[in-house]
Every structure is written in structure tokens, then in C-alpha cells.
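> Here the protein sequences come in this chain order: A and B.
Counting from 125, one number per residue, gives the positions in the first sequence under this note's numbering.
Counting from 90, one number per residue, gives the positions in the second sequence under this note's numbering.
We put the beta carbon where it would ideally sit given N, CA and C, even for glycine.
Nothing here was measured: the structure is a model prediction, and the numbers come from that model.
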Amino acid sequence: MDGQQVRIWESRCIEESPPACAAACPVHVDARGLAELLAKGDFKAAQALFCRFIPFPNIIGHLCDHPCESVCRRAEAGEAIRIHALERAVVSSSLAASPFRRGRATERKRVAVVGAGLSGLTAAADLIVKGHEVAVFESGLQLFARLRGDPRLPSAAIDADLARFDNTGIVFHCGERPDITALAKEFDAVYLGLGAQAVPDLAVLVDLTPDGRIAVDALTYASRHPKIFAGGSHRYGSTPHTYSPITSLQDGRCAALSIDRLLQGASLTANREGQGSQSTRLHVNLARHAPSAAIVPADPDNGYTPAEAQAEATRCFPCHCRECVRSCPYLEHYGGYPKRYIREIYNNETIVMGARKANRMIDSCMLCGLCAEVCPEKLSMGDVCLSAREGMVGKGKMPVSHHDFALRDLAYSRSDAFTLTRHQPGFKQSAVVFYPGCQLAASSPEQVERVYAHLCATIDDGVGLMLGCCGAPAHWAGRADLFAETHAEFSAAWQSLGRPLVLTACSSCYRMIADHLPEVPVESLWPVLARGKLPGEATAAQNSRMALAIHDPCTTRHEPAIQDAVRHLLDRCGTKTTELDGPQLTSCCGFGGLAQFANREIADKALDRRIGQSNSDYLTYCAMCRDNFARRDKRAVHVLDLLFPDGDDPAARPDPGFSRRQENRGRLKRSLLRELWNEAMEEPTDAIRLVISPQVQADLERKLILTDDLRQVLRHAERTGQRLLNGKTGRFVASHRPLRITYWVEYAIDADSGCYVIHGAYSHRMDVEAAS
Amino acid sequence: MNTNAPVETELLCAACRQPLVLGKVKASYLGSSFEVDLPRCPGCGFVYVSEALAQGKMLQVEQALEDK
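1. Taking 7 Å as the CB-CB cut-off, is Gly-854 (chain A) touching chain B?
2. Sorted by chain position, which residues of the same chain lie with C-beta nearer than 6 Å to Glu-134 (chain A)'s C-beta, five sequence neighbours on each side aside?
3. Which residues, taken in chain order from the segment 877 to 890 of chain A, show a beta carbon closer than 8 Å to some beta carbon of chain B?
4. Can you tell me which of A:Glu-447, A:Asn-472, A:Thr-474 puts its alpha carbon nearest to the alpha carbon of Tyr-461 (chain A)?
5. Tell me which residue opens and which closes the alpha helix (DSSP H) that Tyr-118 (chain B) is part of.
6. Going by DSSP, what residue range makes up the alpha helix (DSSP H) through Val-253 (chain A)?
7. Pull up the distance between the alpha-carbon of Leu-142 (chain B) and that of Pro-223 (chain A), whole angstroms please.
8. I'd like to know whether the C-beta of Phe-123 (chain B) is nearer than 7 Å to at least one C-beta of chain A.
9. Nearest by alpha-carbon distance to Leu-653 (chain A): which of A:Ile-812, A:Thr-710, A:Ala-689, A:Ala-671 is it?
10. Would you report the Cα separation of His-611 (chain A) and Arg-843 (chain A), rounded to the nearest angstrom?
11. Less than 8 Å between the CB atoms is what I'm expecting for Tyr-365 (chain A) and Gly-317 (chain A), so what's the real figure, rounded?
12. At the 7 Å Cβ level, is Leu-111 (chain B) part of the contact set with chain A, yes or no?
13. Express the C-alpha separation of Arg-681 (chain A) and Ser-504 (chain A) in angstroms, rounding to a whole number.
14. Taking its Cβ as the centre, do 16 or more other Cβ atoms sit within 10 Å of Leu-743 (chain A), making it buried, or is it exposed?
15. Run through the segment 145 to 175 of chain A for me and flag every whole alpha helix (DSSP H) of 4 or more residues, listed as ranges in chain order.
16. Between the alpha carbons of Pro-142 (chain A) and Gly-400 (chain A), how many angstroms are there, rounded?
17. Please list, in chain order, the chain B residues whose beta carbon lies closer than 9 Å to that of Glu-893 (chain A).
18. Could you tell me the distance, in whole angstroms, from the CA atom of Leu-219 (chain A) to the CA atom of Thr-305 (chain A)?
19. Cutting at 8 Å between CB atoms, please list the residues of its own chain near Leu-672 (chain A), excluding the five before and the five after it.
20. Of the residues that make up the segment 835 to 853 of chain A, which ones have a beta carbon closer than 9 Å to any beta carbon in chain B?
21. Whole alpha helix (DSSP H) runs in the segment 275 to 305 of chain A with 4 or more residues, listed along the chain?
22. Closer than 7 Å, Cβ to any Cβ of chain B: which residues of the segment 520 to 532 of chain A, in chain order?
23. Given a limit of 7 Å on CB to CB distance, which residues of the segment 478 to 493 of chain A reach chain B?
24. Let me know the alpha helix (DSSP H) ranges lying completely inside the segment 791 to 854 of chain A, each 4 residues or longer, listed in chain order.
25. Please go through the segment 744 to 775 of chain A and give each complete alpha helix (DSSP H) segment of 4 or more residues, from N-terminal end onward.
26. For chain A, check one thing: does any of its Cβ atoms lie closer than 7 Å to the Cβ of Ala-212 (chain B)?
27. Taking contact to mean 3 or more Cβ pairs, one atom from each stretch, closer than 8 Å, check whether the segment 230 to 240 of chain A and the segment 307 to 315 of chain A are in contact.
28. Could you tell me which of A:Ala-284, A:Met-485, A:Ala-565, A:Lys-168 sits nearest to Leu-764 (chain A), measuring between CA atoms?
29. Just curious, the beta strand (DSSP E) that Val-517 (chain A) is in, first and last residue?
30. Could you tell me if Ala-153 (chain B) is buried or exposed, where buried requires 16 or more neighbouring beta carbons within 10 angstroms of its beta carbon?
31. For the alpha helix (DSSP H) that contains His-208 (chain A), what are its first and last residues?
32. Taking only three categories from DSSP, how would you classify Gln-149 (chain B)?
33. Please classify Asp-285 (chain A): is it buried, with 16 or more other beta-carbons within 10 angstroms of its beta-carbon, or exposed?
34. Decide if Val-557 (chain A) is buried, meaning its Cβ has at least 16 other Cβ atoms within 10 Å, or exposed.
35. Counting only beta-carbon atoms, is Glu-139 (chain A) nearer than 7 Å to chain B?
36. Can you give me the C-alpha to C-alpha distance between Ala-195 (chain A) and Pro-369 (chain A), rounded to a whole angstrom?
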């Protein structure tokens, strides 16, 4: 994976962006976290959280001018969360806040703070926590003199906050007006929180603003004098109306950071982008939340009771994006969100030692594109996972086992057993070529024959036929080499027919050709059928009394022409239909990205969620989607079942299963050759006749064991005589390792028929042999 | 454990007509190999892997080696 691309992907996931409240707060109080704790009734933890951001929780809890509330997204669905009232409830539950803990600076420096208001004492508190010695000079007789007249603030709250300075070694000089020039000489740094008055006397030390206050840098609060910093209401021009306690607190905090950096010889300006009130990129889907009004306290003077605070906190959404996580069982499964996953996936590829724990996660994505569709930043985890697969496969570090079965199935579809390239009988050229794809051939070979006959009857100038594999499984597996090979084969076959327009019945084939073979003109079968005359039988009244819910294959997500054509066809057939989420928000059946091979559990979760969306029978135009629905007992029809009806209840047709899928492909080729081109192909003859109960067959499907695998084991046992006999049951147990996998079969031979009755099978990849 | 004692008493090697006994077996996967005791035929050395082993411990070890 390209590190730069990874960073771009990461930056597009906004889940870690702060909620609007915390972003707008000058000191970024985690109001969302506070509400989450209060919603659980945990006031103690809420207070501890508040104290992590606020040195004087009782004062701010009573006086904060709460800019957070004006940006609260809850206001767009009812009323804003009363965050300040929640803070007040937190501090009212207990005034006691833990004392400041003096830090251990490597080199303890001395700092003078002039002015014991919120900015000065915040600077003092932060510098003590960083380990410096602080002396505070206040011209009044009391600390926080300005706040003491505020009727909203009980003096006990001030005293409780000041008690945090106990035993910190701080020295307070009240009733003193120190000489700033002398302080700047005596101390290593000086912070001035002088209140709103002009200070013309200081013009000798620092630059002044036109109205006579100290000019400071907006980011660092540094004055012209290298040791002197200033902030608080002195900086932002206070009148009684503009006084902002939280802004004063922020000034003290930011100046203290600058002073500490100065004392340590560090850059004053580096990495301060997030400082102060900000907007946020965090997306919140308000449509998910019903409006609600704020809780009104029964006693407004005393604020919320704990129960009222808890009820108000419960109204907080809380703000998160996670649109993709909510939409996708895969993204939900691993408990995180894309930004975290992308980091894990990148680390998984780049680690040198240790287990690569994200391998299966990378291979479990369905690559369906739904996440990008719902993401405000259009981030596609499919792109991330596919890139990771290609990278890991390229390094030989991706477990082969995840995709082995699917790629062996691909190998079958590339073999002589299935591939076929022909002009229409009686033609020497092809105007178009029908490419049904391996899965429609596997699911419903009869439909392939009917469609081909229909195309031949309705299109002049020759309809060629190509059977083979488009390479989608190789692409999804990250096997660039194999993908290129299948493309080369496809391309050669297509060229041998004179480069005709390719008509695909499978939307994955369509996707692969359209996206990866720009020289090949391709069109989906459905618009072609929709433009032409319908098969005679299709127009007959359909027996579906209920409307069919349309499930669009995920590979057609951005193909409105195909989606519309299918709807048009259904309309012409007189079929009643209903929509699920609409084509753009369609979800994967679990086959996409080969997820059902790498992680059956997640793929089935996605499938079951889709099934749960409607009780109607589903209609789709992808054979794999239809068969996957059938596998999970969801009634589903393919659009071809309506256009070329065969049988009473196509929605009840079971999933053929993997063994039958391969057999069907082979049978289709033999049938077409025989019926259309008068060519006989040798029928597979196998003396080994199997009897497999439905339960055992379902178990084999789950374990990805084909009946052909069973036959190989049985032939091997016959040939070598190597097998075990269970004396109690009379059954045999035999094994065979044709290549990378050992298959075991438990079976009995029916004495009358000579059939092999299969009682079970399993496999392992580890090779075992008797030690010599 | 007496490694010559018959195990999996129901299973006989059909070719050698002998009950299986626990014996040293070399298990290998993805370039790693180790010895374990598994039921095998004392005659021809045919090794038996039960379904419980194949889908339990053995699968775990396979997956751990795959992710190394």
C-alpha cells in the first residue's frame, strides 16, 4: 500500500473529529463524554472528566458562558443540550475537586503571575502542574476578587476551587502592585492578567494597542518582551457584557503553554492548529433522531436535580458519524470505524515481526461500495481492502486458504470443461456475443440456453456465444497475475469472434469488462432485452400476486441505465414491484469480494440483514444474489424466471450449491455443443455413485467440499486399499490429499446398489505423515 | 502414556487389519513442522486425523501459521 494514499484515506474518515460542542469550547471540554457519563448516572466520573479540562470546575460550573450550546447539533432536532446546566449539576453533586499535583520539571523555573483572575490563576495552575514555581501578585485583597460579587456564584464554590492549590507551594501576594520591570528581571517568565484597563506605563517594556493595552501574538500570547505574556479580559477587551470566563480560562492556559515551551527552549508556535474555538468536520445524520425538548428544571434557581441532569444528558445523541458502520455488518463486526481499520490494515502490511492480525479482516470486505455511498467524504473501504489484498498477495503474505476454493472454482470455469467460443450456427461473424458468465450458467443453465435462443431469434447478423470467466474472483482476491491471465484469455476469445459487442447477463462480468478492458465494447443484457421484443411467454400474466421487492446487485450501484431497464422489463411483464432502499443504497449478498469464502459469518450477516428488510419475495438480476437468498431460505426470483418462465414457483428454487454449480456449467457446454453445433463432447463417466442426504450435503457446502472431492477420495481408497474400518458402525474412513488439502470421507457401501453412502466429510490443510 | 496401546478402538486399518495405536507423526504446514502423537496403523503407518482435531486444534494452528 502506498503510505501517502493511506494518509489520504485516513484523513477522509471524520469519525475522530470532535463533536461540535467540544470543538467550539475554547478549551475543548468533552461535553459529549460528559453527557454519556451522566446518562449512565455516573456523576463521579463526570466530575473527574470535567476536572481534566477545567482547573476551577466549581466556578466554571456556575459561570461558564457556554459557547458549546450555540453549536449543539441537538438544536436541529428539538433544543440544544443544556450543557452548562449539566456541568452545574456535576459540580453541585460534589464541590470537592482533587488538589493540583505538582509536576516534576527537569529544570524548575520561576514564573510570576500578575492578576488573580481566571486567566492568571489558570496559568498559575497549569504551570504548577508542569512543575514550575509560581508566585501570584494580586492588587486586590482576595483571589478571584472580580468574581466574588457575582450573585450566581456561592463563595463556597470559589473556596473549593482555590483549595486545589493547597500544598502546591504556590505563593500568593495579595494587596500588592509589583513593578513589572523588576519581575521581568527577577523571574524566568511573567504572565499578566491585568483586567481590562489600559496600561500606558508598560509602554517601555512591551508594545501597546491603540487603546493602551498590551499587544500580544494571537497564537502564543507573547508580547514584544521575550519574557512577558498577557491575556484574559485585558486582551479581548472586556466590558461587563463581553466578559467570557471560559475565554479568560483559555487565555491563561494558552499563555502557560507558551511559557512552558519558552522555559524548555521549545518552539512557541509548533502544533497549535487545534487551539481555541473551532468548527468540526464531524458529520451527524440528524434524520436518525426524533426532535426532543430540553428538560426544564423544577427549581430553576438551583438547577437540575441529578435525575433531571441524567434525563437531559440522555437527550445527547451523542454526535458520531459512523454512517458506514451502521450500514455495513462487516464494518460493524470489528467494533471500530474506517480510520482505525485503515491504520490496522496498513500496520498489518508493514509489520516485520509478529502476527498479521488483520488478514482476515482485509479479506472479509464485500467490496460492494455501500460505505462510500453513505460516507459524507465518499471514503471506500473496498478500495482500501482491495489495495491491501493486492499488496499482501504481492508479498506472499496473504493466507492462500481464504480464497483457495473460489479460485479453484475460477480455474474450473477457465478450463475446457466450461469455456466455449463460437459464432452462431450458420454464421461466420458475430454482430454481438452473448457472455452469460459463470454464475448464471452455474445457477440456471437452461435459462442461458433460452436467452441465447431468444437473442439469436431477435438480433440479425449473428450472435456469438462465449462461456468463460471474467476474472472477478481473481480481482477480488488481489491476484493481479491471475486477473491478467483471465483477461488475456477473454480478450483472445473475443478477438477471435471479430471483436463484437459483448452482452453480459452478470453485472460482475459487466463491471470487470467495463472497468478493466476499455477496448471491449460491453452492454448489459437487460437494456438490450428491454429495447427489443419480449419473449412470448413473458407477457403472459405472472402468478406473483404479491409485489416483488427489487434487490439490485451491488455491482450495478452506479448503472442507472441497467437498473431502469430491469424495471422497464418488469413493468412490461406486468409484474408488481416495490423498492428496498433503491439501487444506490443496495447491499451485497455476501459473494462480493469473495467475502463468503473468507468470512462466512460476516457475509451471512450482511445477507440476513438484507433479507430482513422485507417480507416480499425478492427479485434480482444476479444469479449469485438469487442463489444466496435461496441458501438462506429467502424466496427470490431472477428476472429471467419472469421473462422465460419455467415451473410454477421459481422463487422456491433451492440454491444449487457449489458442486451442482460446477456440474451445471459442464452440462451447459455439452448441451449447447450437442444441440446447436452438433458436436458431441464426452460425457463424464464415473462408476462411483454417491448417495448424500440433504443434511450431509448442506454440511459439505458449508465446509466447501465438492462431491468431486469425495469421488477423488473414494477412488484413491479403492485404488490403494488404504482406509480405516469402524468395527462398530461398519463404515469406512478414507482420506486423500490431491494437492494442498487433505479430505476425509466417512462412508459405507450399499450392498444392494453398490452406491457409496456418504456419512460425512471434512478437510484440513496441515500435512501429516508418520514420523520415520 | 503407553504409545503402543490401541486407541480409537473402533477403527482398524482395513488393509492391515490392525487397530490404530498412538505414534509419532510429523505435522507440517507453510514451512513449519513439528511432531505430535496421533493414532496410526502400526503396520502401514496410515495416520488418522479425526474431524474434531481437524476442525479444532489443527485449524487453530493452521490459522496462526498463516498469519505469521
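Quick answer:
1. For Gly-854 (chain A), the answer is no, since every Cβ of chain B falls outside 7 Å of its Cβ.
2. Lys-463, Ile-466
3. Against chain B - using a Cβ distance shorter than 8 Å - the residues of the segment 877 to 890 of chain A are Gly-884, Tyr-886, Ser-887, His-888, Arg-889, Met-890.
4. A:Glu-447
5. Where Tyr-118 (chain B) is concerned, there is no enclosing alpha helix (DSSP H), although the beta strand (DSSP E) around it starts and stops at 110 to 118.
6. 242 to 253
7. Using only the alpha carbons, I get a separation of about 59 Å.
8. Judged by the 7 Å Cβ criterion, Phe-123 (chain B) is not in contact with chain A.
9. A:Ala-689
10. 39 Å
11. Correcting the residue identity first, residue 365 (chain A) is His in this sequence and not Tyr. Not a contact, Cβ separation roughly 20 Å.
12. no
13. Going from the Cα of Ser-504 (chain A) to the Cα of Arg-681 (chain A) covers about 13 Å.
14. buried
15. 155 to 163
16. 13 Å
17. Val-114, Lys-115, Ala-116, Ser-117, Gly-134, Val-136
18. 39 Å
19. So the qualifying residues of the chain are Leu-694, Thr-699, Lys-700, Thr-701, Thr-702, Ser-740, Asp-741, Tyr-742, Leu-743, Val-761.
20. Ala-841, Thr-844, Gly-845, Gln-846, Arg-847, Leu-848, Leu-849, Asn-850, Gly-851, Lys-852, Thr-853
21. 279 to 286
22. Listed by position, the residues of the segment 520 to 532 of chain A near chain B (Cβ gap below 7 Å) are Pro-523, Ser-525.
23. Ala-479, Arg-480, Lys-481, Asn-483
24. Considered as a whole, the segment 791 to 854 of chain A harbours 818 to 826, 831 to 844 as its complete alpha helix (DSSP H) runs of no fewer than 4 residues, in chain order.
25. Fully enclosed alpha helix (DSSP H) runs of 4 or longer: 747 to 755, 763 to 767.
26. As shown, chain B starts at 90 and ends at 157. That puts residue 212 (chain B) outside it, with no answer to give.
27. yes
28. A:Ala-565
29. Unbroken run through Val-517 (chain A) is the alpha helix (DSSP H), 505 to 518; no beta strand (DSSP E).
30. Under this definition Ala-153 (chain B) is an exposed residue.
31. 207 to 217
32. helix
33. buried
34. Answer is buried; the Cβ neighbour count reaches 16.
35. no
36. It should be pointed out that residue 195 (chain A) corresponds to Val in this sequence rather than to Ala. Going by the C-alpha atoms only, they are around 18 Å apart.
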